[in-house]
Amino acid sequence: MTKKKHYRKSASKTFPIKLTIGNVYFSICVVIILYAVISALILTPMLKHYGSQCKAVITDNESSVIHRYTTNCYLYEFSVGDETYTGNSLIEVGNKDKIGDTIEILYFQCWPSFNIPIYYYDNE
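Be aware that the sequence shown starts at 11, since it is given in the numbering used here, and climbs by one per residue.
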């Protein structure tokens with residue numbers, strides 16, 4: 011009888027671990043989806059009206075490592091204080107004459123890593 015109790019205890023320990031891993035994975039997926047929705051529907055329009063403007067330089071660094079499903083674009087760099095930040099320039103790789111050009115961008119002063127080129131809003 012004691013063997014069955016021991017077996018039941020060890021078998022019940024594996025189920026909550028799988029359930030916990032599943033819950034963590036599901037939570038991460040929900041957070042990523044919420045971030046995408048919030049940034050696309052709320053933060054991007056707010057940036058147009060409340061963002062700070064500065065100049066950034068287009069670099070030869072590329073925005074994506076996954077070339078199959080996304081358009082690969084050059085990144086830009088800008089500095090706020092002592093920190094350097096990057097963003098997607100929306101200029102497709104292959105336009106090498108754009109590397110080194112200066113563009114205007116918008117960013118939040120409290121969150122400079124959230125930034126967009128000003129000409130992004132021209133496409134709306």
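Beta carbons are placed, not taken as given, at the ideal position from N, Cα and C, and that holds for glycine. Bear in mind the structure is a predicted one, so any value in this text is a computation, not a measurement.
If you reduce the DSSP assignment to three classes, tell me which class G83 lands in. With the sequence shown as reference, residue 83 is identified as Cys, and Gly is not the correct amino acid for it. It is a strand residue.
Can you give me the Cβ contacts of G1 inside the same chain, cut-off strictly under 6 Å, excluding the 5 residues immediately before and after it? Missing from the structure shown is residue 1; the chain here goes from 11 to 134 and no further.
Taking buried to mean at least 16 other C-beta atoms within 10 Å of its own C-beta, is C120 buried or exposed? exposed
Tell whether a beta-carbon distance below 9 Å holds between P127 and S89. no
Distance, S74 Cα to D111 Cα: 20 Å
Give the straight-line distance between the Cα atoms of C39 and I31, rounded to the nearest whole angstrom. 12 Å
K65 and I27: beta carbons closer than 9 Å? No, Cβ-Cβ distance for K65 and I27 is not below 9 Å.
Under the three-state reduction of DSSP, which class applies to D111: helix, strand or coil? coil
So, is Y35 buried or exposed, given that buried needs 16 or more other C-beta atoms within 10 angstroms? exposed
S62, DSSP secondary structure in three states: strand
Under three-state DSSP, which class holds G32? helix
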